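Q: Residue numbers (the numbering used here): 248 to 360.
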Ligand code: AMP
Ligand code: ZN
């Protein structure tokens with residue numbers, strides 16, 4: 248499958264990993280928009296937020312747990328951060344493998360783009 252994030256999961260495309268377990272991978276965004284910009288993804292290829300189903304409830308909860316842990320490790324838990332999911336064209340999604348952006352380390356602008 249021609250999915251850049253699946254290739255990162257497989258290891259055929261390199262990444263700067265910050266977390267990995269059997270289900271979830273987190274790595275630095277290649278074009279950081281903030282001092283901390285980490286992508287948290289399920290290893291399974293779920294294209295968009297619209298494809299998340301009840302069977303993914305535990306996985307989604309774990310992704311948020313991992314996000315909290317990484318925010319603490321990166322030292323931005325108290326200063327603050329943003330978790331972003333872009334869904335489909337109007338949401339600005341470019342990579343169609345579900346991911347959360349963890350952004351922090353500076354004062355972020357308004358949510359609305
Ligand atoms: P989105 O617009 O939510 O689909 O964001 C996709 C993100 O993936 C962008 O912030 C890109 O900079 C990032 N990205 C694309 N390719 C790579 C890569 N090979 N390694 C790390 N981040 C990437
Ligand atoms: Zn994928």
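We put the CB at the ideal spot given by N, CA and C, even for glycine. None of the values given here were measured: they were computed from a predicted structure.
How many Å lie between residue 254 and residue 332 at the Cα?
A: Residue 254 sits at position 7 when you count from the first residue of the chain shown. Residue 332 sits at position 85 when you count from the first residue of the chain shown. Their backbone Cα atoms lie some 20 Å apart in a straight line.
Q: Can you list, in chain order, the residues of its chain with a C-beta nearer than 7 Å to that of residue 263? Leave out the 5 residues immediately preceding and following it.
A: To locate residue 263, count along the chain shown from 1; it is residue 16. Cβ neighbours of residue 263 beyond the five flanking positions: 274 and 275.
Q: Let me check you understand the geometry: is the CB of residue 299 closer than 8 Å to at least one non-hydrogen atom of the ligand AMP?
A: Stepping through the chain shown from its first residue, residue 299 is reached at position 52. No; taking the cut-off as 8 Å, the Cβ of residue 299 has no heavy atom of the ligand AMP nearer than that.
Q: Here's the rule: buried if 16 or more other CB atoms are within 10 angstroms of the residue's CB, otherwise exposed. What is residue 289?
A: Locating residue 289 in the chain shown gives position 42, where the first residue counts as 1. Per the 10 Å Cβ criterion, buried.
Q: Assign residue 285 to buried or exposed, taking buried as 16 or more other Cβ atoms, counted over all protein chains shown, within 10 Å of its Cβ.
A: As a position in the chain shown, residue 285 is number 38, starting the count at 1. Looking at its Cβ environment, which holds 16 or more other Cβ atoms inside 10 Å, residue 285 is buried.
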